[in-house]
Amino acid sequence: MKKQILLLAFLSFGLFTACDTDDDSPNETPQINEELLGIWYIDALIVEGEETPYNDHEDCGKDYVEFNEDGTYRQIDIWGCEEDVDEEGTYTATGNTISLTVSGNDVVVMDIVTLNSETLLVEGMDDVDDDGEEEVVQQRFTRE
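For the sequence shown, our numbering begins at 807 and goes up steadily by one.
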């Protein structure tokens with residue numbers, strides 16, 4: 807259950823922006839935003855302004871997403887005090903947009919609402935409640 811919540815929270819954005827990497831220009835140069843680099847701990851999911859704190863962290867460690875300088879990222883779930891890699895791939899951050907290339911060559915694109923030394927807030931649209939209408943979905947990450 808914990809893995810499903812973590813994956814849903816971070817990758818549900820793929821439902822509103824997924825595309826095939828064949829659509830990308832072959833001459834694009836990845837631009838890495840320095841503030842994005844490092845470890846970001848999952849803090850909350852906000853749907854239509856209603857915040858749900860992320861409470862699936864273990865006492866011995868917190869689930870996180872790590873953005874590396876080489877353009878790779880990893881989504882880590884702490885399970886039984888062990889790191890479990892839930893997802894890994896590549897990313898680009900340009901302006902106020904972050905694009906993640908996940909398994910199967912799907913690309914997830916999210917708007918960056920806030921990015922500073924303490925907070926990363928990303929936003930997109932997704933039909934979270936399966937009612938056929940998309941809601942504004944934000945996910946907040948923090949650093950320690």
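Idealized CB from N, CA, C, for every residue including glycine.
Since we're looking at a predicted model, the values are computed, not measured.
Taking the Cα of Glu854 as reference, the smallest distance to any Cα among Arg949, Asp890, Val934 is reached at Val934. Between the segment 869-882 and the segment 842-854, the count of C-beta pairs closer than 8 Å reaches three or more; the two stretches touch. Secondary-structure assignment with DSSP links Arg880 through a beta bridge to Glu872, Glu894. Taking all protein chains in view, the Cβ of Asp876 is surrounded by fewer than 16 other Cβ atoms within 10 Å, so the residue is classified as exposed.
Around Glu940, the same chain offers Phe822, Met931, Asp932, Asp933 as residues with beta carbons nearer than 8 Å, after the five sequence neighbours per side are excluded. Its chain contains Thr948, Arg949 as the residues whose beta carbon lies nearer than 8 Å to that of Glu924, once the 5 sequence neighbours on both sides are disregarded; these appear in chain order.
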